[in-house]
Amino acid sequence: MTESRAEAPAALPGLGQLGAVRQRPRRELQAADELPVARVMVDSPLPHLDRPFDYLVPAELADVVRPGSRVRVRFAGRLIDGWVLSRQAEAEHDGRLAYLERGVGEVPVLTPETAELFRAVADRWAGTFADVVRLAVPPRHARAEGAELPPRAEPPAAPTADEWRRYRAGPAFLTAVTTGRPARAVWNALPGEDWPARITEAVQACLAGGRGALVVVPDARDAARVDAALTSVLGRNAHVLLTAEQGPEARYRRWLAVRQGAVRAVVGTRGAALAPVADLGLLVIWDDGDDLHAEPRAPYPHARDVAVLRASLAGCALLVAGFAETAESALLLESGWAQRIAADRTAVRAATPRIVATGDDAELDRDPLARSARLPALAFRAARVALAAGRPVLVQVPRRGYLPTLSCARDRLPARCPHCAGPLSAGAAGAVPGCRWCGRPAPDWRCPACGGGRLRAAVVGSGRTAEELGRAFPGVVLRTSAGDSVLAEVPAGPTLVVATPGAEPVVAGGYGAALLLDGWALLSRPDLRAAEEAVRRWANAIALVAADGTVVLGADAGLPAVQATVRWDPAGFADRELADRRALGFPPAARLASLTGAPADVAELLGLSQLPPGATELGSVPVSRRDADRADGDQVRLLLRVPRPDGAELAEALHAGAAVRSARKSGGPVRVMLDPQELL
DNA sequence: TAAAATGCATGT
DNA sequence: CATGCATTTTAC
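Letter by letter, the first sequence follows residues 368 to 1047 in my numbering.
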């Protein structure tokens, strides 16, 4: 019922075989009277086909094929899917036009706003429109199309901004959202903040003003928390939850309800940043430093950057929120594009538990067994006090599986390449250390901080923590939340909760204490974002601790990341991080692109791309074969850097280069990523 | 997977 | 050096 076919007339009887072949059943179709040309984007992964194609709209489809409609078209012989960008009076193509084969579904899947957004996302990340549509529009499910839409919820009253009064500019932001002004803010949430409730108030403010709202969170557990908060305030029908782990039918049904404007608020994970919310008034992104916001499928957009782009295009309000703050957020503030929403120091002090860093005990550190068996005395005492008072204790342990890399033997700062500031790696045992980015050897490396020349391998992996703790605190209930058994919540009471970052359960009233172990390991990771990531993980754990609780941070108190955490100064840390990145020429101060593929293919793409004049090549390095990746040949990765203003030009050049390669059908695939998340 | 363009062998 | 048939390329 939902498919409309442009029927070809039945073959005429009596027409000879030869005749039938000669004048091909040239379908006697008539073009629509009004706007007979449809401008169509075809669903092809080939970059050189990433442009509109003109088709004639048969009269039978005149009413069902609208801008945004999904269609089937004959393209180079085969039938493929496409999306109608617009209906036109005239074609741009001067050759013969084919007719659209049929329409698919009644509801146009693209809106003018999302069509523009998808094009902008494709352009920003050097990808194709079709790739972005694939991320944004769930697979069609015919049964879901027949489903009834939920009843429309009435706009709620504007919320009281009571809890937002703790933050400077907080109530003003809610007012701006209610009145439809495109306010843009970076919100530094206080520890212990019931952030799903605050976000719910912002959504309520937006709905009260008659516009739609969209909330993007890192994972399904966070989405469920916001979903519950929204339901408790707005009821069941005012919003939907859009996450990848729903079944295809439910997913498409909810997406359609949003598309048709039956539901005006959405909470979901990264893909939801592209959801077709009608008349968007507010975008919220929570914990934008979480790498789950980075989409692992082409063209690899980051949900925060999508949100920033979309807020600009749609002219809507944006709230970039979290307990921690990223260098990207700091740049939004520095440029004046966004304003900060934060509490003053008095309120911060009142809300923050006591946080102490243990420093690092060199002796414990040298012996990993001793390290896991003997908790620093401070941590042991804090845990015992909390448990004795009948309160739960959170123990945060890093996930296993970090790469062995090199750091200064004395102060443990990551060893960086003197030439390009990439991380040094030992490579084969005993080999000369070399740079993971530019491949240069660094035989006479010296630590820029302390002048030391000795390197040490930083290998991490603490799986035994739970066991060891059980022995240290006999008789105490021990729960773990990690990997595929993540707890959303634990009951209040004297429990030891061992969790990996991102999997910490919440507890009513907050934890009595938190022990953040192996901090030095987090900080000595080779990643560019290691320090920012460490601060973010610590901040998220600290935020779960009661204001009268204690946090023991197992890291050297002299390190800037540790100091910022102990003082609860995520904003100051982000500013500093931004300055550091600028000095090194890294995102977000500069824009990078990585090209990964067989050496010849990478070289070919580079040769075909007209890079902006300011582009510099950071050299190509062999890429270690990723887990289940194809076994074929050695791959290299090339990094390109341009000044931030040239980012669009860089993306365009690479897309154009890829288009030439695909038109030529030459060579194997090259993966292009802009501002890639992990820079090992 | 349909037409158009190109390549190629064959016969004059 | 046309002609017919096979193969490759284009893509509306």
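Cβ coordinates follow ideal geometry from the N, Cα and C atoms, glycine included.
As assigned by DSSP and simplified to three states, the class of residue i
i, result
"residue 730", "Reliability fails at residue 730, whose pLDDT of 40 lies under 50, so the model's placement of it is uncertain and no value is given."
"residue 707", "strand"
"residue 578", "coil"
"residue 852", "strand"
"residue 781", "strand"
"residue 786", "coil"
"residue 669", "strand"
"residue 1037", "strand"
"residue 644", "coil"
"residue 695", "helix"
"residue 344", "This structure cannot settle anything about residue 344, because the visible part of the chain is limited to 368 through 1047."
"residue 900", "helix"
"residue 944", "helix"
"residue 474", "coil"
"residue 1045", "coil"
"residue 630", "coil"
"residue 983", "strand"
"residue 826", "Only weak support exists for where residue 826 lies, its pLDDT of 46 falling under 50; the coordinates are left without a value."
"residue 833", "helix"
"residue 537", "helix"
"residue 978", "coil"
"residue 635", "strand"
"residue 774", "strand"
"residue 599", "helix"
"residue 752", "helix"
"residue 857", "strand"
"residue 431", "coil"
Opening and closing residue of the beta strand (DSSP E) in which residue i lies
i, result
"residue 879", "878-883"
"residue 608", "606-609"
"residue 467", "467-471"
"residue 551", "551-555"
Boundaries (first-last residue) of the alpha helix (DSSP H) holding residue i
i, result
"residue 563", "562-575"
"residue 622", "615-626"
"residue 930", "927-933"
"residue 499", "496-503"
"residue 761", "Taken as a continuous stretch (DSSP letters only), residue 761 belongs to no alpha helix (DSSP H), being part of the beta strand (DSSP E) at 760-763."
"residue 1029", "1014-1031"
"residue 972", "966-975"
"residue 480", "479-491"
"residue 512", "509-513"
Bridge partner(s) assigned by DSSP for residue i
i, result
"residue 959", "1008"
"residue 422", "405"
"residue 847", "865"
"residue 722", "918"
"residue 657", "According to DSSP, which records beta bridges pairwise, residue 657 is partnered with nothing at all."
"residue 652", "583, 687"
"residue 989", "1003"
"residue 448", "439"
"residue 398", "425"
"residue 453", "406"
"residue 912", "878"
Whole-number beta carbon distance between residue j and residue i, since they are thought to touch under 8 Å
i, j, result
"residue 640", "residue 673", "4 Å"
"residue 450", "residue 477", "6 Å"
"residue 694", "residue 648", "About 28 Å separates the two Cβ atoms, so there is no contact after all."
"residue 948", "residue 937", "Not confirmed; about 16 Å, so no contact."
"residue 363", "residue 785", "For the chain, the structure presents residues 368 to 1047; residue 363 sits outside this window and is missing."
"residue 682", "residue 549", "5 Å"
"residue 822", "residue 788", "Actually they do not touch by this definition, with Cβ atoms about 16 Å apart."
"residue 874", "residue 845", "Their Cβ separation, rounded to whole angstroms, is 15 Å, which puts residue 874 and residue 845 out of contact at 8 Å."
"residue 724", "residue 929", "5 Å"
"residue 569", "residue 903", "That pair is no contact at about 21 Å."
Touch check for the stretch 806-815 and the stretch 847-865: three-plus C-beta pairs under 8 Å?
-> no
For the 8 Å Cβ check, are there 3 or more pairs between the stretch 508-527 and the stretch 596-609?
-> With the cut-off at 8 Å, the stretch 508-527 and the stretch 596-609 touch.
Is it true that the stretch 592-602 meets the stretch 542-551, where meeting means three or more beta-carbon pairs spaced less than 8 Å apart?
-> no
Is the stretch 520-528 close to the stretch 551-561, with three or more CB pairs under 8 Å?
-> no
The stretch 966-975 in contact with the stretch 936-950 per 3-pair CB rule at 8 Å = As far as the Cβ criterion goes, the stretch 966-975 does not touch the stretch 936-950, which means the pair count is below three.
Per the contact definition of three or more C-beta pairs closer than 8 Å, is the stretch 958-968 in contact with the stretch 1023-1035?
-> yes
Are at least three pairs of beta-carbons, each pair with one atom in the stretch 484-491 and one in the stretch 429-445, less than 8 Å apart?
-> no
Below 8 Å, can you find three or more Cβ-Cβ pairs linking the stretch 401-414 to the stretch 1018-1029?
-> As far as the Cβ criterion goes, the stretch 401-414 touches the stretch 1018-1029, which means the pair count is three or higher.
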